[in-house]
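Undergrad:
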Amino acid sequence: MPENLNKQEIAMVREELEMLMRERTRLLKVVGAAAVLVANADASKLQHNAVEAAEVLSEMLNALPEETLKDALESVHAEPDEA
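Just so we're aligned: 50 in our numbering is position 37 of the sequence shown, and the numbers increase by one with no gaps anywhere.
1. Roughly how many angstroms separate the alpha carbons of Ser46 and His90, rounded to a whole number?
2. Among the residues of its own chain, which have a CB less than 8 Å from the CB of Val49, if the five just before and after it don't count?
3. Report the residue ranges of all alpha helix (DSSP H) runs contained in full by the segment 34-94; include only those spanning at least 4 residues, in chain order.
4. Does the beta-carbon distance from Val26 to Thr81 come in below 9 Å?
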């Protein structure tokens with residue numbers, strides 16, 4: 014019985030891990046798209062409240078670990094600026 018329970022627990026953990034990996038993939042695409050949007054936004058053509066939102070988004074993106082941001086950009090086939 015304990016062996017069967019252990020197999021069930023392992024299966025549940027595996028399923029949860031797979032779900033989290035799929036969610037991470039989707040979130041990386043969202044972050045990557047947001048980073049591209051912010052990088053290409055022209056503040057002079059945006060309304061004031063949109064500029065404020067872009068600034069907040071930019072700060073949040075900049076707070077991410079470099080590797081995470083790199084993965085996010087790769088997920089949307091974008092490359093970071095080397096400025």
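In this text, a Cβ means the ideal position worked out from N, Cα and C, and glycines have one as well.
TA: Straight from the coordinates:
1. Inspection of the sequence shows that residue 46 is occupied by Ala rather than by Ser. One C-alpha to the other measures close to 10 Å.
2. So the list reads Leu86, Val89, Ala91, once near-sequence residues are dropped.
3. Listed in chain order, they are 61-75, 79-88.
4. no
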